[in-house]
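Protein chains in written order, with our numbering: chain A, 52 to 184; chain B, 52 to 184.
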DNA sequence: AAGACAAGCGGGCATATGCCCGCTTGTCTT
DNA sequence: AAGACAAGCGGGCATATGCCCGCTTGTCTT
């Protein structure tokens, strides 16, 4: 079997490509899809620790910690402490809420484009397959 | 719509997850799936320039250049010059052929596992969808 | 032939990702 | 209460990715 049909390589290519669609759409906000997604996840469960967030995002904790620092530097989130002094606790900052609001329609646009291009059936198929892997 | 159904985020998660399957299988060779895939692509078209390879891999040229350096440091490929003095030309080194041979069955194993888990139909569906994106 | 223009790279900058190690803080056992 | 053990992080190390800038080399126009 050739490399062209390797699930992994195809997945990685597709992920890069689709990410770039979202990145382009969000570019006016100076934020990429990874950051936007992380911001959304924080909002859903704030205040949230790095460890909890890393489980939700299925990323390594140290990765989440570093990515959080980038968001904090952009003043989109605040990194504080919980009752447990070990915990770093993330909350959305004012500017973060702003970005979330402005980003939503941009994000929707790309999502809708992809859905339209794939068609309803295939879009659902894709979701199913990806969550199965 | 919630983040859980974002094509992009799902794709990225799936790509990371599946990559880790391949990485684990290839770990005994001290190589990861990205490197292995690149090695295979080089073999198919060697001698190949960075620019050509970047088109094949759908990666930025500078990314390919840096990744090539890693493979060269591992002595899996050689980075030489073409007739065009501007071109950096990649060829598989002896050790690279060795890794390609040893890696093939490991790679097959993971691919077969995934195919078996998905079933023939869904595996084909996945390939189709990913190339459509 | 000389100058304009393009092709091919490398290096710098920024972010992303995972693993390991060691430190601090909290909990649990005896 | 003290010591063992675990949880939560940060920092270091390595690789991965894209973009931009500037340099070298090749090509093309006049």
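Just so it is clear, CB atoms sit at the ideal spot from N, CA and C, and this is done for glycine as well.
CB contact check: residue i to chain B, cutoff 7 Å
i	result
residue 102 (chain A)	no
residue 99 (chain A)	no
residue 181 (chain A)	yes
residue 123 (chain A)	no
residue 117 (chain A)	no
residue 82 (chain A)	no
residue 184 (chain A)	yes
Contact with chain A by residue i, beta-carbon distance below 7 Å
i	result
residue 178 (chain B)	yes
residue 69 (chain B)	yes
residue 93 (chain B)	no
residue 105 (chain B)	no
residue 148 (chain B)	no
residue 113 (chain B)	no
residue 90 (chain B)	no
Close Cβ partners of residue i (< 7 Å) along its chain, the five nearest in sequence each way excluded
i	result
residue 177 (chain B)	169
residue 94 (chain A)	143, 151
residue 97 (chain A)	141, 142, 143
residue 70 (chain A)	84
Alpha-carbon spacing of residue i relative to residue j, whole angstroms
i	j	result
residue 132 (chain B)	residue 139 (chain B)	5 Å
residue 76 (chain B)	residue 158 (chain B)	7 Å
residue 64 (chain B)	residue 68 (chain A)	14 Å
residue 81 (chain B)	residue 102 (chain A)	29 Å
residue 130 (chain A)	residue 78 (chain A)	24 Å
residue 153 (chain B)	residue 155 (chain A)	47 Å
Residue of the options minimising C-alpha distance to residue i
i	options	result
residue 147 (chain B)	B:135, B:179, B:87	B:87
residue 73 (chain B)	B:183, B:165, B:161	B:161
residue 165 (chain A)	B:155, B:183, B:165	B:183
residue 60 (chain B)	A:136, A:109, A:57, A:80	A:109
residue 134 (chain B)	B:58, B:99, B:112	B:99
Heavy atom of the ligand NAD within 6 Å of residue i beta-carbon
i	result
residue 136 (chain B)	As presented, the structure is devoid of all ligands, the ligand NAD included, so that no description of it is given.
Residues from the stretch 152-178 of chain A in contact with chain B, defined by Cβ distance under 9 Å: Cβ contacts with chain B: 158, 159, 161, 162, 165, 166, 168, 169, 173, 174, 176, 177, 178.
Contacting positions in the stretch 54-66 of chain B - beta carbon closer than 8 Å to chain A: Near chain A, meaning a CB-to-CB distance below 8 Å, the residues of the stretch 54-66 of chain B are 54, 56, 57, 58, 59, 60, 61, 62, 63, 64, 65, 66.
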